[in-house]
Amino acid sequence: MTTPSSSSSDSTTANDAVAASKSPRLHALQVALTRGIIRLRPYAWLWPPIAFCAGLASFFLVDRQQSLGGILALCMLLAWVLLLSESLIGRLLVRHGYSSLPSGITAFIAQMIHQETLFFSLPFLLATTVWSSGQAIFTLLVLSMAALSILDPLYFKLAERYRWVYFAFHAQCVFVVVLVTLPTLLHLTTGESLIYALLAMVVFALPSLIHLLRPKRVSSWFAMFGLAMLLAIAGWAGRAWVPPANLWITGSALSPGFDTQAREPQGEIPLSAEELQSTGLYAYTAIRAPRGLREKIYHEWHHEGELIDRIPLIIHGGRDQGYRAWTHKKNIPEDPTGQWRIDVMTNSGQRIGVIRFTVEDGSTDAVLADGKITAPPGLPGLEWRRLIPGS
Numbered sequence: 423m424t425t426p427s428s429s430s431s432d433s434t435t436a437n438d439a440v441a442a443s444k445s446p447r448l449h450a451l452q453v454a455l456t457r458g459i460i461r462l463r464p465y466a467w468l469w470p471p472i473a474f475c476a477g478l479a480s481f482f483l484v485d486r487q488q489s490l491g492g493i494l495a496l497c498m499l500l501a502w503v504l505l506l507s508e509s510l511i512g513r514l515l516v517r518h519g520y521s522s523l524p525s526g527i528t529a530f531i532a533q534m535i536h537q538e539t540l541f542f543s544l545p546f547l548l549a550t551t552v553w554s555s556g557q558a559i560f561t562l563l564v565l566s567m568a569a570l571s572i573l574d575p576l577y578f579k580l581a582e583r584y585r586w587v588y589f590a591f592h593a594q595c596v597f598v599v600v601l602v603t604l605p606t607l608l609h610l611t612t613g614e615s616l617i618y619a620l621l622a623m624v625v626f627a628l629p630s631l632i633h634l635l636r637p638k639r640v641s642s643w644f645a646m647f648g649l650a651m652l653l654a655i656a657g658w659a660g661r662a663w664v665p666p667a668n669l670w671i672t673g674s675a676l677s678p679g680f681d682t683q684a685r686e687p688q689g690e691i692p693l694s695a696e697e698l699q700s701t702g703l704y705a706y707t708a709i710r711a712p713r714g715l716r717e718k719i720y721h722e723w724h725h726e727g728e729l730i731d732r733i734p735l736i737i738h739g740g741r742d743q744g745y746r747a748w749t750h751k752k753n754i755p756e757d758p759t760g761q762w763r764i765d766v767m768t769n770s771g772q773r774i775g776v777i778r779f780t781v782e783d784g785s786t787d788a789v790l791a792d793g794k795i796t797a798p799p800g801l802p803g804l805e806w807r808r809l810i811p812g813s
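In terms of our numbering, the sequence shown opens at residue 423 and continues consecutively.
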């Protein structure tokens, strides 16, 4: 991995000499840091897979080893604090007569943290995305950003020539890291984390808007802040396209009965109009969430694309197999034949998962609702079959 070379001049050398005479220790630390980063450059290609593995570990250890998952997420946030404070620290050093880090070094550090953010977050997003929904677009966008962050020519061209796009890239990275880490660290609900992520994104999008609009008058500044507010409103309006990065379904089932003591579905019936009207139908879901998280979710029953019932549930995080929750649909329409869909939704309107089934007119060709708990294949929530056209 390479970074743009930074040119030196007589004035820069003179400034370094002055800085060295004023604070030898600080100058020595800066020199050591610069040399260390230069030595690390040939091995920088290892950083994205390391960040991805750290995210994967945090994802799977978030319940079994809550402290380890929290430590990994905290390290993620500390890296961002370092990146955000680098510019301020550099200005303070220059103001007091010290030298700041070369621009090539700071760009390299920013790239490393962007890579860490995106590759750390990918396991959470890949596993919780409902690929048959608009969430696929959001996750593919993050995948594209991750790919861009490791393509040095494109990344540094973006950082040097298209500053407003670069700052927008930066703001999106902030959105992703806040969305992924806050439920683990602070036990915030998915909706609360989404609100904080949107606020952080808007704040860090302001430099992008400044470079794009270059406001000079008071009216231009008001227009810019108005545009920032529209960005926040648009982000909230599109929340259904954002995966719930810390909630996913570990198992689901349909059944005519339910053992409330054991919290297990029971019995079997054909999914026919006559059977459903006489017994109703239970929908069971096991939803995994971080320990300490308490969140309201909904089972939304749809028939032929029309919402006919919305039943609330409260889930608690911390169980390896997921929190077991169920709803019982008793009021079956007069003609229940056709396509049914049960959307499992957060209180903020983000889809956790979906259960699909078809009700036939007669029981001969009807599929059985046998109460068998099935887990999604591959990573939790990652339904590869949905990626194949016609499946």
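Don't be surprised by glycine CBs; every beta carbon is placed ideally from N, CA and C.
These numbers were taken from a predicted model, which means no experiment stands behind them.
With a cutoff of 8 Å on beta-carbon distance, Asn-753 and Pro-712 are scored as not near each other. Around the beta-carbon of Trp-643, fewer than 16 other beta-carbon atoms lie within 10 Å, marking it exposed. A check of alpha carbon separations from Thr-796 across Val-766, Pro-692, Gly-739 and Ile-671 identifies Ile-671 as the nearest. Inter-residue distance for Leu-544 and Leu-570 is about 14 Å (C-alpha atoms, whole angstroms). Here Phe-589 has Pro-629 and Ser-630 as same chain residues with Cβ atoms under 6 Å from its own Cβ, once five neighbours each way along the sequence are excluded. The closest CA to that of Gly-689, considering only Ala-695, Gln-699, Gln-683 and Ala-675, is found on Ala-675.
Nearest to Asp-731 by C-alpha distance, out of Lys-751, Arg-741, Ile-719 and Arg-716, is Lys-751. Looking at the DSSP output, Gly-679 shares a beta bridge with Gln-688. In this chain, the beta strand (DSSP E) harbouring Leu-729 covers 728 to 738.
For Ser-700, the secondary structure class from DSSP, reduced to helix, strand or coil, is helix.
With 16 or more other CB atoms across the displayed protein chains lying within 10 angstroms of its CB, Arg-773 is buried. Nearest neighbour of Leu-729 by Cα position, chosen from Pro-575, Met-767 and Glu-582, turns out to be Met-767. Annotated three-state conformation of Leu-610 is coil, per DSSP. When DSSP reads this structure, Arg-710 sits in a beta bridge with Trp-670. Note: Thr-561 is not bridge-paired with any residue in the DSSP secondary-structure output. Gly-702 and Arg-685 have their C-alpha atoms spaced approximately 18 Å apart. When only Cα atoms are considered, Val-602 and Thr-611 end up about 11 Å apart. For Arg-716, DSSP records a beta bridge to His-738. Ala-581 is not a Cβ neighbour of Phe-597, given a cutoff of 8 Å. Arg-716 and Ala-645 have their alpha carbons spaced roughly 39 Å apart. At a Cβ-Cβ threshold of 8 Å, Gly-556 and Ala-708 do not count as neighbours. DSSP lists Leu-676 and Thr-749 as the bridge partner or partners of Ala-705. In terms of Cα proximity to Leu-540, the closest of Ala-558, Leu-562, Trp-553 and Val-552 is Leu-562.
In the DSSP assignment, Arg-763 falls within the beta strand (DSSP E) that extends over 760 to 768. Considering only Glu-614, Val-624 and Thr-551, the residue with the shortest C-alpha distance to Lys-718 is Glu-614. A straight line joining the alpha-carbon of Asp-792 with that of Gly-679 spans about 10 Å. Annotation for Ile-777: the continuous beta strand (DSSP E) segment containing it runs 773 to 781. The shortest CA-to-CA distance from Asp-765 to any of Asp-574, Gly-771 and Gly-775 is the one to Gly-775.
Here the alpha carbons of Ala-619 and Phe-626 stand approximately 11 Å from one another.
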